[in-house]
Amino acid sequence: MVFGTIYTRNPNPRTTAILAVAKAQGLSLDITYHDRDDPKSHQELLKVNPLGQVPVFRGSDGYGSTQQEYYSVIRWMSFANGDLLPAIGGIILPVIRQPIDVRMDDQDCLRVLRRDCQLMEEQLQKSRYLVGDQLTLADLFTVAMLQGAYVLLHQVLKPAYPRLTEWVNEVFAMPMFQSIAGPLHELNLPVPALLGIEKRPRGLSNGSGSTS
């Protein structure tokens, strides 16, 4: 029985170890290679991972639901840590005059943040939480990553992503979370706006300074 499918590119160093371990464990995997220069291939990848990133693993139909949920939790936490948080940091760290070492300027970071927020908005329109209708570590972890964004970018995020905002507020209202994170404050500091796309809410600037 096929254990699942790996979606990747050839070559892709992140996939090498996965395939090596699967082989050593005697696990049968289907491998689907995607070409970033082929629009049709890229669209197929987006159906599996809306971020268009590889590798992606999808278990076979026989994969247990509990195990599927476990990997969904890990996937969302990885997304929050590796994709969402760097974008937020690239926007707000210069505002609060903290050192930063990133390769994207604030406009790149704003585009990534908007893309990521839209992904979460769409997921949360389908389920109460990130992984189904039960609170998981993925929700607590991701909301913690979003705290800084909502403190400084609330004027942009709240009207654009109402379901995401509702979910953030719900998690923050939980005593176990708020006892550690504290209340969700909203500050009105001048922060960069995405040029050519969004109108500036009051208190936001069109700064385009590089954070690289």
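Here the sequence shown is numbered in full-length UniProt numbering, starting from 1 and rising by one per residue. Ideal placement from N, C-alpha and C gives every residue a C-beta, glycine not left out. Since the model is a prediction, treat every value here as computed from it, not as a measurement.
Taking 7 Å as the threshold (C-beta atoms), are VAL151 and LEU189 in contact? Here residue 189 refers to the residue found at position 189 of the sequence shown. Here residue 151 refers to the residue found at position 151 of the sequence shown. VAL151 sits away from LEU189, with the two beta carbons spaced by 7 Å or more.
Tell me the rounded alpha-carbon separation between VAL131 and GLN118. In the sequence shown, the residue the question calls residue 131 occupies position 131. In the sequence shown, the residue the question calls residue 118 occupies position 118. Distance between the alpha carbons of VAL131 and GLN118 is about 16 Å.
PRO55 and THR15 closer than 7 Å at C-beta: For the purposes of this step, residue 55 is identified with residue 55 of the sequence shown, where counting begins at 1. For the purposes of this step, residue 15 is identified with residue 15 of the sequence shown, where counting begins at 1. Going by C-beta atoms, PRO55 is nearer than 7 Å to THR15.
So for ARG58, helix, strand or coil by DSSP? Taking the first residue of the sequence shown as position 1, residue 58 is located at position 58. Judged by DSSP in its simplified three-state form, ARG58 adopts strand.
Cutoff 8 Å; reference SER127; Cβ partners in own chain excluding five residues on either side: Here residue 127 corresponds to residue number 127 of the sequence shown, with the count starting at 1. Counting only Cβ-Cβ distances below 8 Å, and skipping sequence neighbours, we find ASP133.
Three-state secondary structure assigned by DSSP to ILE31: Mapped onto the sequence shown, residue 31 falls at position 31. It is a strand residue.
Distance, Cα to Cα, GLY148 vs ASP108? Counting from 1 along the sequence shown, the entry for residue 148 is found at position 148. Counting from 1 along the sequence shown, the entry for residue 108 is found at position 108. Distance between the alpha carbons of GLY148 and ASP108: 18 Å.
Beta-carbon proximity check, LEU164 vs LEU110, cutoff 7 Å: Numbered from its first residue, the sequence shown carries residue 164 at position 164. Numbered from its first residue, the sequence shown carries residue 110 at position 110. Cβ atoms of LEU164 and LEU110: not closer than 7 Å.
Going by C-alpha to C-alpha distance, which of LYS158, ASN10, ALA138, TYR129 sits closest to residue 273? Outside the shown range of the chain (1 to 212) lies residue 273, about which nothing can therefore be said.
Straight-line CA distance for VAL112 to VAL143? Locating residue 112 in the sequence shown gives position 112, where the first residue counts as 1. Locating residue 143 in the sequence shown gives position 143, where the first residue counts as 1. Rounded to the nearest angstrom, the gap between the Cα atoms of VAL112 and VAL143 is 17 Å.
On the premise that THR8 lies in contact with ASP30, defined as a C-beta separation below 8 Å, what is that separation, rounded to the nearest angstrom? Here residue 30 corresponds to residue number 30 of the sequence shown, with the count starting at 1. Here residue 8 corresponds to residue number 8 of the sequence shown, with the count starting at 1. In this structure ASP30 is not in contact with THR8, their Cβ atoms being roughly 11 Å apart against a cut-off of 8 Å.
If we count the other Cβ atoms within 10 Å of its Cβ and call it buried at 16 or more, is MET145 buried or exposed? Residue 145 sits at position 145 when you count from the first residue of the sequence shown. If you draw a 10 Å sphere on the C-beta of MET145, you find 16 or more other C-beta atoms in it, and that means buried.
Between the alpha carbons of ASP139 and TYR161, how many angstroms are there, rounded? Within the sequence shown, the letter at position 139 stands for residue 139. Within the sequence shown, the letter at position 161 stands for residue 161. Going from the Cα of ASP139 to the Cα of TYR161 covers about 16 Å.
What is the rounded straight-line gap between the Cα of ARG115 and the Cα of HIS42? As a position in the sequence shown, residue 115 is number 115, starting the count at 1. As a position in the sequence shown, residue 42 is number 42, starting the count at 1. Take the alpha-carbon of ARG115 and the one of HIS42: they are about 17 Å apart.
Verify whether the separation of the beta carbon atoms of residue 214 and LEU27 is less than 7 Å. It is not possible to answer for residue 214, since the shown part of the chain is limited to 1 through 212.
Flag this pair as yes or no: are the beta carbons of PHE172 and LEU153 separated by less than 7 Å? Here residue 172 corresponds to residue number 172 of the sequence shown, with the count starting at 1. Here residue 153 corresponds to residue number 153 of the sequence shown, with the count starting at 1. It is not a contact, given that the beta carbons lie outside the stated cut-off.
Proximity winner among VAL95, ASP106, SER72, relative to VAL48 (alpha-carbon distances): Numbered from 1 along the sequence shown, position 48 holds the residue referred to as residue 48. Ranking the options by Cα distance to VAL48, first place goes to SER72.
Cβ neighbours of LEU84 in the same chain (closer than 6 Å, five flanking residues each side left out): In the sequence shown, the residue the question calls residue 84 occupies position 84. Answer for LEU84: ASP116, MET145, listed in chain order.
Identify the continuous beta strand (DSSP E) that holds TYR129 and give its terminal residues. Within the sequence shown, residue 129 is the residue found at index 129, counting from 1. Segment: none, TYR129 is in no beta strand (DSSP E) and carries neither H nor E.
Measure the Cβ-Cβ separation of LEU135 and TYR129 and say whether it is below 7 Å. Residue 135 sits at position 135 when you count from the first residue of the sequence shown. Residue 129 sits at position 129 when you count from the first residue of the sequence shown. Closer than 7 Å, so yes.
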